[in-house]
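2 protein chains.
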Amino acid sequence: MGLAKTEEFTLEQNELAAMAKALGHPARIAILQFLIRKQSCICGDIVEELPLSQSTVSQHLMELKRVGLIQGSISGPRICYCIDPKAWLRLKQSLTNLLDSFQDPACC
Amino acid sequence: MGLAKTEEFTLEQNELAAMAKALGHPARIAILQFLIRKQSCICGDIVEELPLSQSTVSQHLMELKRVGLIQGSISGPRICYCIDPKAWLRLKQSLTNLLDSFQDPACC
DNA sequence: AACCTTTATCGTAATATTACGATAAAGGAT
DNA sequence: ATCCTTTATCGTAATATTACGATAAAGGTT
Chain A
1 MGLAKTEEFT
11 LEQNELAAMA
21 KALGHPARIA
31 ILQFLIRKQS
41 CICGDIVEEL
51 PLSQSTVSQH
61 LMELKRVGLI
71 QGSISGPRIC
81 YCIDPKAWLR
91 LKQSLTNLLD
101 SFQDPACC
Chain B
1 MGLAKTEEFT
11 LEQNELAAMA
21 KALGHPARIA
31 ILQFLIRKQS
41 CICGDIVEEL
51 PLSQSTVSQH
61 LMELKRVGLI
71 QGSISGPRIC
81 YCIDPKAWLR
91 LKQSLTNLLD
101 SFQDPACC
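Protein sequence lines correspond, in order, to chains A and B.
Going left to right, the first sequence walks through residues 1 to 108 as our numbering numbers them.
Going left to right, the second sequence walks through residues 1 to 108 as our numbering numbers them.
Right under this line is the structure:
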């Protein structure tokens with residue numbers, strides 16, 4: 001098979017997993033960190049910053065955009081990317097919710 | 001190609017990405033939530049809980065173990081799994097570090 | 001219109017992930 | 001010793017991801 005059985009899990013589990021999956025590549029972590037540092041920037045700036053080709057960076061950007069973590073606005077021939085504040089907050093909340101629900105008990 | 005260029009990124013970026021990737025599947029989110037709820041439990045309990053075959057659950061457990069998020073201890077013929085508190089804390093810190101570094105500025 | 005810049009998309013190849021059944025391995029129980 | 005239970009691993013098939021170069025598309029500039 002190879003197709004994740006998403007329909008068997010809750011919406012929350014799927015959403016969190018999708019976001020986490022989007023964070024699951026060092027290039028995308030680097031892109032997000034760069035966007036945070038720069039507030040917003042042109043796609044080309046990211047391509048310059050990363051050790052990857054333009055097409056690969058574009059794919060990573062699409063991946064981040066697909067789950068809603070970033071948004072791009074057209075500005076002439078270039079596209080300005082930035083983090084979507086609402087999606088970022090939602091990610092933060094559901095991650096915090098998961099991470100804080102574990103309270104360091106003795107292990108088995 | 002198809003092989004992630006991990007060597008081009010920092011250790012921190014790679015570590016966080018690896019952890020996030022491990023969270024990037026609803027079944028693994030469900031496993032972690034179950035482990036948190038139960039504190040610790042037998043592999044078989046997880047298999048019962050999830051809508052996946054025993055072998056698939058075992059693979060997901062191996063994935064979580066590979067990045068260190070959970071640990072298993074042998075107890076007779078069964079294996080008791082639980083969350084690794086230290087790894088959990090590290091994950092929490094590096095995620096919080098990333099998530100908190102973004103301060104809702106105006107987008108482009 | 002012809003050109004340049006910028007970014008997305010296509011095509012392709014390599015690798016990784018996901019899932020399952022079947023089998024092996026490890027350890028108790030009879 | 002022979003079983004039964006429990007979990008890992010193997011084998012396999014389908015799908016997804018990653019990366020790149022090449023090309024297309026979109027929008028300025030001359």
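Yeah, the Cβ is synthetic: ideal placement off N, Cα and C, and Gly gets one too.
Under 7 Å by beta carbon: chain A residues contacting residue i
i                    : result
residue 49 (chain B) : Going along chain A, no residue has its Cβ under 7 Å from residue 49 (chain B), so there is no contact; the nearest lies around 11 Å.
residue 13 (chain B) : 26, 29 and 30
8 Å Cβ cutoff, residue i in contact with chain A
i                    : result
residue 9 (chain B)  : yes
residue 71 (chain B) : yes
residue 36 (chain B) : yes
residue 5 (chain B)  : yes
residue 43 (chain B) : no
residue 64 (chain B) : no
residue 97 (chain B) : no
Neighbour-count burial assignment, residue i, 16 or more Cβ in a 10 Å radius
i                    : result
residue 22 (chain B) : buried
residue 28 (chain A) : buried
residue 62 (chain B) : exposed
residue 17 (chain A) : buried
Whole-angstrom distance between residue j and residue i, CA atom to CA atom
i                     : j                     : result
residue 57 (chain B)  : residue 69 (chain B)  : 15 Å
residue 87 (chain A)  : residue 102 (chain B) : 12 Å
residue 46 (chain B)  : residue 4 (chain B)   : 31 Å
residue 95 (chain A)  : residue 108 (chain A) : 25 Å
residue 39 (chain B)  : residue 36 (chain A)  : 36 Å
residue 48 (chain A)  : residue 41 (chain A)  : 12 Å
residue 73 (chain B)  : residue 65 (chain B)  : 11 Å
residue 105 (chain A) : residue 82 (chain B)  : 10 Å
residue 9 (chain A)   : residue 24 (chain A)  : 20 Å
residue 75 (chain A)  : residue 50 (chain A)  : 22 Å
Test: residue i CB closer than 8 Å to a CB of chain B
i                     : result
residue 101 (chain A) : yes
residue 40 (chain A)  : yes
residue 61 (chain A)  : no
residue 29 (chain A)  : yes
residue 87 (chain A)  : no
residue 83 (chain A)  : yes
Residues that residue i contacts on chain A, provided the C-beta gap is smaller than 9 Å
i                    : result
residue 21 (chain B) : 20, 21, 23, 24 and 25
Sequence-distant residues of its chain with Cβ nearer than 8 Å to residue i (five each side left out)
i                    : result
residue 14 (chain A) : 6
residue 84 (chain B) : 68, 69, 70 and 71
residue 78 (chain A) : 42, 43 and 44
Beta-carbon neighbours of residue i, restricted to chain B and to distances below 8 Å
i                    : result
residue 77 (chain A) : Here the premise fails: no neighbours, minimum Cβ distance about 15 Å.
Residues near residue i in its chain [Cβ-Cβ closer than 6 Å; skip 5 each side]
i                    : result
residue 91 (chain A) : 19
residue 54 (chain A) : 47
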